[in-house]
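Have a look at the structure below before the remarks.
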Amino acid sequence: MQKKKYSIGWRNENKHPSLSEVFSSVSVPQQKGIWKKLFAFTGPGLLIAVGYMDPGNWATDIAGGAKFGYMLLSVIFISNFFAIILQHLALKLGIVCERDLAQACRDHYSHFISFILWILCEIAIAACDLAEIIGSVLALKLLLGIPITWGVLITAIDVLIILFFQYKGFRYIESVVAVLIFTILICFSFEIISSKPEIFPILKGIVPDPEIMKNSHSFYISIGILGATVMPHNLYLHSSIIQTRDYPRTIEGKKMAIKYATIDSTLSLSLAFFINAAILIISAATFHKAGHTEVADIMDAHKLLTPILGSSLAGVFFALALLASGQNSTLTGTLAGQIVMEGFLNIKLKPWIRRLITRLMAIVPAMIVSIVYGEKGTTELLIISQIILSIQLSFAIIPLVNFTGDSEKMGPFVNGLILKISSWLIAIIIVLLNLFLLYDTFLGRR
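If you count the sequence shown from 1, position 65 lands on 754 in our numbering, and the numbers rise without skipping.
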């Protein structure tokens, strides 16, 4: 009877669990203390946080810090606040309804609408994968001197690495991600200490400045930061991978799962905020302070870091963090691609086929641009990929907010009044900002 009660808002019973090969595969202790339960739920949040510190963030954060100093720190802070709320809704949908966001969309909308949403999501994942390729390629060039074109081809090999860890178990994937995040954290901690930023201007930058909206260029970069921070495919991903935990599928069990999963998500996204803010702070404290306000290129940023900071290690740590960021994001992009295809179309492909399709969709434009335009072209492509992500974001957020606010679908777990109002407000803000972005881009105001 209980199952029927929670299924009343859905048209069809969900017979195929999301990511069935790892569904409910991570044990959660029932009688143990708080810390052991929290540890059991630690992991999905880190995988989500990866999407908030991928190479796409670097281009927008570097450009924002170099051009406007610490002013756009407020945009990163607000974007991260949006992310915490939206990821909470995503994990709650997965836990309560035992279906991911893609499966929920397929059940709720018509076949035509679901197909369109799937296409849009695939475009977003390809754009994200494009950012990961470019980030890894630039890092390989900086560390080993590998040409851009060859670097694009080398990135195709990571499909074998991903498949290896996928077959080892989900906890292995989470461990690899944690190690790479820790690497990024160490690198940027070194960079921040070396750049010696000013504390009070940083604190002032966290407070929103009306000048952001008045200046068309700062507004354009702000939308890029929003698109790079709140990743649309992360909402699909989180609603799925939270179901890898073996918690009791009861009211109390779901309450417990939501509690610990939200703590995991919030702490992980706070770490992502620190890394995102660190990139902008380093850019502001080095390039903006030295008068290099036009730096918006990862390669130029790398060249200038060593002479400005006076340490050869600065460039090495910068490139190493970039490589870790690109490879980390590759792992989550693969999972997201599998989830949306299976969820929207109810089609299961072998992981290597799915990965190959996703990678080819990103490698082809990256290869063309790298051959024709070189490094400058890949950087422009990086920023464009973030704009694509930002535009697609609305099509993931609106269904999520709608589903979690539906009492028939969520039962007693439906969003409360404050959460319902705030989540719809976030959705409206993102939609309006993207309308401004489209107007700004196509009518040439910038």
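C-beta: ideal position from N, C-alpha, C; glycine also.
Which listed residue (904, 775 and 780) has its alpha carbon closest to that of residue 1125:
Checking every option, the nearest Cα to that of residue 1125 belongs to 904.
Counting only runs of 4+ residues fully inside the segment 729 to 771, write out the alpha helix (DSSP H) ranges in chain order.
Complete alpha helix (DSSP H) runs here, min 4: 733 to 739 and 744 to 757.
Should the segment 749 to 764 be called in touch with the segment 873 to 885, which here means at least 3 C-beta pairs below 8 Å?
With the cut-off at 8 Å, the segment 749 to 764 and the segment 873 to 885 do not touch.
Taking 8 Å as the threshold (C-beta atoms), are residue 919 and residue 820 in contact?
Contact flag unset, no.
Does the contact criterion of 3 or more C-beta pairs under 8 Å hold for the segment 705 to 715 versus the segment 793 to 806?
Touching, no, given that fewer than three Cβ pairs across the two stretches are closer than 8 Å.
According to the Cβ coordinates, are residue 774 and residue 1112 closer than 8 Å?
Taking the C-beta atoms as reference points, residue 1112 is found nearer than 8 Å to residue 774.
Out of 825, 759, 945 and 902, point me to the one whose CA is closest to residue 1020's CA.
For residue 1020, the nearest C-alpha among the options comes from 825.
In chain order, what residues of the same chain lie with their CB nearer than 7 Å to the CB of residue 1003, ignoring the 5 residues before and after it?
Cβ neighbours of residue 1003 within its own chain (closer than 7 Å, five residues either side excluded): 880, 883, 994 and 995.
Euclidean distance between Cα positions of residue 1148 and residue 777:
Any property of residue 1148 remains undetermined from this structure, which presents the chain solely from 690 to 1135.
What are the boundary residues of the alpha helix (DSSP H) that residue 922 is part of?
Annotation for residue 922: the continuous alpha helix (DSSP H) segment containing it runs 921 to 930.
Report all residues from its chain with a CB closer than 8 Å to the CB of residue 968; omit the five preceding and five following residues, and keep chain order.
Only residues of its own chain outside the window of five on either side were considered, and among them 746, 747, 750, 751, 754 and 877 have a CB closer than 8 Å to the CB of residue 968, listed in chain order.
Assuming the contact rule is C-beta atoms closer than 8 Å, residue 791 and residue 925 should be a hit. Round their C-beta distance to whole Å, please.
With 8 Å as the limit, residue 791 and residue 925 qualify as a contact, their Cβ atoms being about 5 Å apart.
Around the C-beta of residue 964, are 16 or more other C-beta atoms found within 10 angstroms, so that it is buried, or is it exposed?
By the neighbour-count definition (other C-beta atoms within 10 Å, threshold 16), residue 964 is a buried residue.
Straight-line gap, residue 902 to residue 912 (C-alpha atoms, nearest Å)
C-alpha separation (whole angstroms): 11 Å.
Using the Cα positions of residue 709 and residue 822, report the straight-line distance between them to the nearest angstrom.
One Cα belongs to residue 709, the other to residue 822, and the distance between them is close to 28 Å.
Should residue 906 go down as buried or exposed, given a rule of 16 or more other Cβ atoms within 10 Å for buried?
Exposed.
Starting from residue 706, trace the alpha helix (DSSP H) in both directions and tell me its first and last residue.
Element bounds for residue 706: n/a, residue is neither H nor E.
Going by beta-carbon coordinates alone, are residue 765 and residue 979 separated by less than 8 Å?
Cβ distance not < 8 Å, so residue 765 and residue 979 don't count as in contact.
Could you pull the start and end residues of the alpha helix (DSSP H) that residue 943 belongs to?
That run of the alpha helix (DSSP H) goes 940 to 972.
Counting beta carbon pairs with one atom in the segment 921 to 939 and one in the segment 1078 to 1085, are three or more of them shorter than 8 Å?
By the Cβ criterion, the segment 1078 to 1085 is in contact with the segment 921 to 939, since at least three pairs of Cβ atoms, one from each stretch, lie closer than 8 Å.
Quick one: grab the DSSP three-state call for residue 1053.
In the structure shown, residue 1053 sits in a helix (DSSP, three-state: H, G or I).
Keeping to the same chain, check which residues put their C-beta closer than 6 Å to that of residue 1018; ignore five residues upstream and five downstream.
Sequence-distant partners of residue 1018 (beyond 5 residues in either direction) whose C-beta falls short of 6 Å from its own C-beta, in its chain, are 739, 743 and 821.
Which residues in the same chain as residue 781 place their Cβ atom closer than 7 Å to its Cβ, once the five residues preceding and following it in sequence are excluded?
So the qualifying residues of the chain are 947, 1093 and 1102.
For residue 970, which residues in the same chain have their Cβ closer than 8 Å to its Cβ, ignoring the five residues on either side in sequence?
Answer for residue 970: 754, 759, 762, 881, 884, 886 and 891, listed in chain order.
Report the option in 731, 1082 and 958 whose CA atom is closest to the CA atom of residue 931.
For the residues 731, 1082 and 958, the minimum Cα distance to residue 931 belongs to 731.
Determine the contact status of residue 829 and residue 808, defining contact as a CB-CB distance below 8 Å.
A distance of 8 Å or more separates the beta carbons of residue 829 and residue 808.
Around the Cβ of residue 1098, are there at least 16 other Cβ atoms within 10 angstroms (buried) or fewer (exposed)?
Around the Cβ of residue 1098, a 10 Å sphere holds 16 or more other Cβ atoms; the residue is buried.
Residue 795 bridges to which residues according to DSSP?
Looking at the DSSP output, residue 795 bridges to nothing.
Would you mind working out which of 1005, 831, 972 and 734 sits nearest residue 870, comparing C-alpha positions?
Comparing Cα positions, the closest option is 734.
With 16 other Cβ atoms within 10 Å as the buried cut-off, status of residue 833
Residue 833 comes out exposed.
With the cut-off set at 8 Å, would you say residue 961 and residue 784 are in Cβ contact?
For residue 961 and residue 784, no; Cβs fall outside 8 Å.
My guess is that residue 1009 and residue 866 are in contact by the Cβ rule of under 8 Å, so how many angstroms apart are they, rounded?
Rounded to whole angstroms, the Cβ separation of residue 1009 and residue 866 is 16 Å, and the two are not in contact under 8 Å.
Could you tell me which of 1120, 1073 and 1035 sits nearest to residue 653, measuring between CA atoms?
The structure shown does not extend to residue 653, since the chain is modelled only from 690 through 1135, so no value can be given for it.
Checking the sheet assignment: what are the DSSP bridge partners for residue 716?
Residue 716 has 935 as its beta-bridge partners, per DSSP.
Check this for me: beta carbons of residue 1122 and residue 915, under 8 Å apart or not?
Yes; because the gap between Cβ atoms is below 8 Å, this pair is in contact.
Cutting at 7 Å between CB atoms, please list the residues of its own chain near residue 1025, excluding the five before and the five after it.
Correct list, in chain order: 814, 922, 925 and 926.
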